[in-house]
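Visitor: When you line the sequence shown up against full-length UniProt numbering, it's residues 1 to 252, in that order.
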Amino acid sequence: MSSVSKSTVALPQRTRARVQREVIGLLKNAPEGIKLIVDPETGLPPSLNEITAEMEGPTGTPYEKKYFQLKLVFSSDFPSSPPRGFFLTKIYHPNVDMSTGAICVNTLKKDWSPEVTMSHVFGVIRCLLIVPFPESSLNDEAGKLFMESYEEYARRAKLMANVHAKDVSNSEACAKSDSPMKMKENEGENVNCNKKVSSSASSSVSVTVLKQSNSAERNASDGSTVATKKAKSMKTGKSADKKKKKSGLKRL
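Now the structure itself:
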């Protein structure tokens, strides 16, 4: 992946103040699976022109148990204009450009507003690893595979993650999984991400669920029809037996 050139433009004081607030917010309360990367001496990002974070791959995805680095780059008119997002770690994903690492997500495009926080942005990007949006892909091959053969898509994504991403240590993974609160958060993570990422990204899942539901209803209906026919047949048989018994008694 080609490196993204660092911005050297001096940010206006208003923009710097907003970025500083965002940094403080992320240091105090970062989203699940996000850790801000800072200068060990100052405890702050080396520059306010961009902020870099480490993202843990969500459980149940090809990226789990791996760390990916990404950054948000700010322009002089932020927050009127959104920051640009880039993965610094090479990743196989429909919404990430393989050569530049550029991230395509509606939150940083048509859904942007100055009120959106960087905590929310990082959370949405992590959700994108759970619920890709192939309809607006930057990696057409990955987008096509995701729609047509998820198993092959997951295999390639996992292979690239194993090569380029950093492993989550066993001690870190155990510490997180042992926490009851974290377990509860993980249970609802997929549901929350379906809300954060565009609803059309999960439309195919909804259609599948609907088809399964309709199929189950048809099977249940067919089963009840068969049961009704059997019941009628048994009732008819019993009625015939009664008539035979009555006829036999008359002969006696």
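Where is the CB? At the ideal position from N, CA and C, for every residue including glycine.
#1: Smallest Cα separation from Y92: which of R14, P134 and L44?
#2: Thinking C-beta only, is R156 closer than 8 Å to M55?
#3: So for I24, helix, strand or coil by DSSP?
#4: Give me the Cα-Cα distance between P83 and S149, rounded to the nearest whole angstrom.
#5: Have a look at E217 and Y67 and give me their C-alpha separation to the nearest angstrom.
#6: So, with DSSP's three-state summary, where would you put K6?
#7: For V168 and E64, I'd like the C-alpha separation in whole angstroms.
#8: Please say whether M118 and L26 have beta carbons closer to each other than 8 Å?
#9: Should S204 go down as buried or exposed, given a rule of 16 or more other Cβ atoms within 10 Å for buried?
#10: Just tell me which of K71, M98, P94 and P46 has its CA closest to the CA of G85.
#11: Would you mind working out which of A17, T15 and I130 sits nearest P94, comparing C-alpha positions?
#12: Counting along the chain, where does the alpha helix (DSSP H) carrying A157 start and finish?
#13: My understanding is that G123 touches P62, with C-beta atoms under 8 Å, so please give their C-beta distance in whole angstroms.
#14: Select from P114, Q13, T89 and Y153 the residue whose C-alpha is nearest the C-alpha of P102.
#15: In terms of residues, what are the limits of the beta strand (DSSP E) holding V73?
#16: In its own chain, which residues sit with a C-beta less than 7 Å from the C-beta of F74, not counting the 5 before and 5 after it?
#17: With 16 other CB atoms within 10 Å as the buried threshold, where does L159 fall?
#18: Below 8 Å on the Cβ atoms is my contact criterion, and I expect N139 with D97 to pass it. Report the Cβ-Cβ distance as a whole number of Å.
#19: Report the option in A154, V38 and V9 whose CA atom is closest to the CA atom of I23.
#20: Straight-line CA distance for C193 to P114?
#21: Just the Cα atoms here: how many angstroms apart are S215 and L128?
#22: CB-CB under 7 Å to S76, same chain, minus the five flanking residues each way: which ones, in chain order?
Guide: Here's the rundown:
#1: Y92 has its Cα closest to that of P134, out of R14, P134 and L44.
#2: In terms of Cβ geometry, M55 and R156 do not form a close pair [threshold 8 Å].
#3: Residue state, collapsed to three classes: helix.
#4: Put simply, the backbone Cα of P83 is about 33 Å away from that of S149.
#5: Its pLDDT being 45, under 50, E217 is placed unreliably in this model, and the value from its coordinates should be taken loosely. Roughly 43 Å between the two C-alpha positions.
#6: Low per-residue confidence applies at K6: pLDDT is 49, beneath 50, and the placement is therefore not dependable enough to give any value.
#7: Near 9 Å, if we compare the C-alpha coordinates of E64 and V168.
#8: Yes. Within cutoff.
#9: Confidence is the limiting factor: at S204 the pLDDT is only 40, short of 50, which leaves the residue's position unreliable and the question unanswerable from this model.
#10: Checking every option, the nearest Cα to that of G85 belongs to K71.
#11: Distances from the CA of P94 to each of A17, T15 and I130 were compared; the closest alpha carbon is that of I130.
#12: DSSP places A157 in the uninterrupted alpha helix (DSSP H) bounded by Y150 to H164.
#13: That pair is no contact at about 19 Å.
#14: Per the sequence shown, residue 102 should be read as Ala rather than Pro. If we check each option's Cα against that of A102, T89 comes out closest.
#15: Element bounds for V73: K66 to V73.
#16: Taken in chain order, the residues that qualify are L11, T15, V19, N49, E50 and P83.
#17: With fewer than 16 Cβ atoms within 10 Å of its Cβ, L159 is classed as exposed.
#18: The distance from the Cβ of N139 to that of D97 is about 7 Å, consistent with a contact at the 8 Å cut-off.
#19: The sequence shown places Val at residue 23, rather than the Ile named in the question. Closest by alpha carbon: V38.
#20: C193 and P114 have their C-alpha atoms roughly 21 Å apart.
#21: Confidence is the limiting factor: at S215 the pLDDT is only 42, short of 50, which leaves the residue's position unreliable, though a coordinate-based value still follows. Cα-Cα distance, rounded: 30 Å.
#22: Around S76, the same chain offers V9, L11, P12 and T15 as residues with beta carbons nearer than 7 Å, after the five sequence neighbours per side are excluded.
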